[in-house]
Amino acid sequence: PPGDFDKELLLPIIETAKFKKLNAKRRSTRTRSQHSDRLNDQERRPSQVSKILFSQISTSSHDKQDEDPFQRSGFVFGGVYREMRRRYEHYKSDFFDAFSLNCLVSLIFMFIACLAPALTFGGIIADKTNNRLGVNEMLIASSVNGFLFGFVSGQPLLILGPTGPFLVFEEMVYD
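Here the sequence shown is numbered in UniProt numbering, starting from 1 and rising by one per residue.
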């Protein structure tokens, strides 16, 4: 049944969430303490107050500019550059997360899910076209299509493999 699962499977996820929450709490208390130290320094040195306030105002306006994705940057591909600079720390995990068991299992599943229809429809189309189009052509077409989809990733709802209407179309073109 859907609700019957081993709670030990969720333990790493729960522990990771707790660890992230604890780190965020530590970071916020650290920044608060640094901010209070800065305020204490301001009380001691009143000549520095205007410099610190001005730097905080300029950095806060700079941060707001980075947060607004529709703000013009003034140079070619400035928005892309700003987005990459903002998200750079997350890019490393995109590559290193691929070396996990869950990713390997997903890779094998997707391989079989894409290979099975290509073999099936390739065999059917070979019968319909007197072996002029067959399994090999269907596998090559599916792999090129999958590569282009992975490289461009422009349309998430793109149909990657062969379908029934494709078979009907190819049969009509052949006849």
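We put the CB at the ideal spot given by N, CA and C, even for glycine. All values derive from a computational prediction rather than experimental measurement.
As assigned by DSSP and simplified to three states, the class of residue i
i: G123; result: helix
i: R26; result: helix
i: N130; result: coil
i: R32; result: helix
i: T163; result: coil
i: S106; result: helix
i: F149; result: helix
i: F143; result: Residue identity differs from the one stated: residue 143 is Ser in this sequence, not Phe. Looking at S143 - three-state DSSP - the assignment turns out to be helix.
i: F19; result: helix
i: F169; result: helix
i: F111; result: helix
Range covered by the alpha helix (DSSP H) that runs through residue i
i: V80; result: 78 to 96
i: S73; result: Neither: S73 is in no alpha helix (DSSP H) and is coded neither H nor E.
Distance between beta carbons of residue j and residue i, contact taken as under 8 Å
i: P162; j: A118; result: 6 Å
i: I125; j: E170; result: 6 Å
Residue i vs residue j beta-carbon contact at 8 Å
i: L160; j: F149; result: yes
i: G146; j: V135; result: no
i: S153; j: C114; result: no
i: R82; j: S73; result: yes
Selected residue, minimal CA-CA separation from residue i, among the options
i: Y174; options: S106, R32, R132, Q71; result: R132
i: I140; options: F121, D127, Y81; result: F121
i: A129; options: R30, Q71, M172; result: For the record, residue 129 in the displayed sequence is Thr; it is not Ala. When only C-alpha atoms are compared, the closest one is M172.
i: I13; options: G79, T31, N102; result: N102
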